[in-house]
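Below is the structure:
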């Protein structure tokens with residue numbers, strides 16, 4: 215009798231590393247197919263491009279309904295650096311925050327910024343980006359942002375290597391809008 219069977223776990227329900235699970239055993243082909251499906255589902259809608267730009271960040275923490283969400287904190291400001299960008303999203307890392315605890319982003323309050331509006335200023339590109347924080351990594355202070363507005367659509371498309379005439383989530387001319395509808 216194997217060690218797993220002594221613990222009440224059938225041998226067919228044990229991984230090679232000895233960890234048991236409920237349900238029928240999967241052969242290697244099915245495991246690979248399952249992994250490929252997960253990878254396929256995690257693909258982003260738009261291709262990301264690794265670019266590093268210094269940025270200023272302002273995240274609003276006040277609730278739209280009831281006012282403040284954290285004691286004395288209405289917004290967080292910080293210096294950041296973009297990690298990667300796409301036409302509809304970006305990832306950035308906070309590199310500096312003010313010494314004033316009420317205005318800085320710390321690992322302790324990083325989870326509170328998820329779902330909050332964010333304004334990112336790329337001064338070198340003379341660009342303002344508005345979006346929502348959709349994910350944070352509190353130990354590295356990395357933020358994932360979905361973008362819903364940019365100050366200069368044509369410039370943003372150039373930065374993201376999108377065609378100025380192409381269809382994107384930011385149509386900037388009547389011809390592009392018509393092309394998108396058809």
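Numbering (the numbering used here), first residue to last: 215 to 396.
Quick reminder that beta carbons are idealized off the backbone N, C-alpha and C, glycines included.
| Item | Value |
| --- | --- |
| Test item: CB-CB of residue 262 and residue 311 under 7 Å | no |
| Supposed close pair residue 367, residue 343 - CB separation, criterion 8 Å | Not a contact, Cβ separation roughly 11 Å. |
| Closest Cα partner of residue 304 within the set 352, 340, 338 and 333 | 333 |
| Euclidean distance between Cα positions of residue 356 and residue 306 | 6 Å |
| Residue 309 versus residue 294: straight-line alpha-carbon distance, rounded | 5 Å |
| Proximity to residue 264 [Cα-Cα], best of 298, 327, 317 and 290 | 298 |
| Close beta carbons around residue 362, own chain, < 8 Å, minus the five adjacent residues each side | 344, 345 and 346 |
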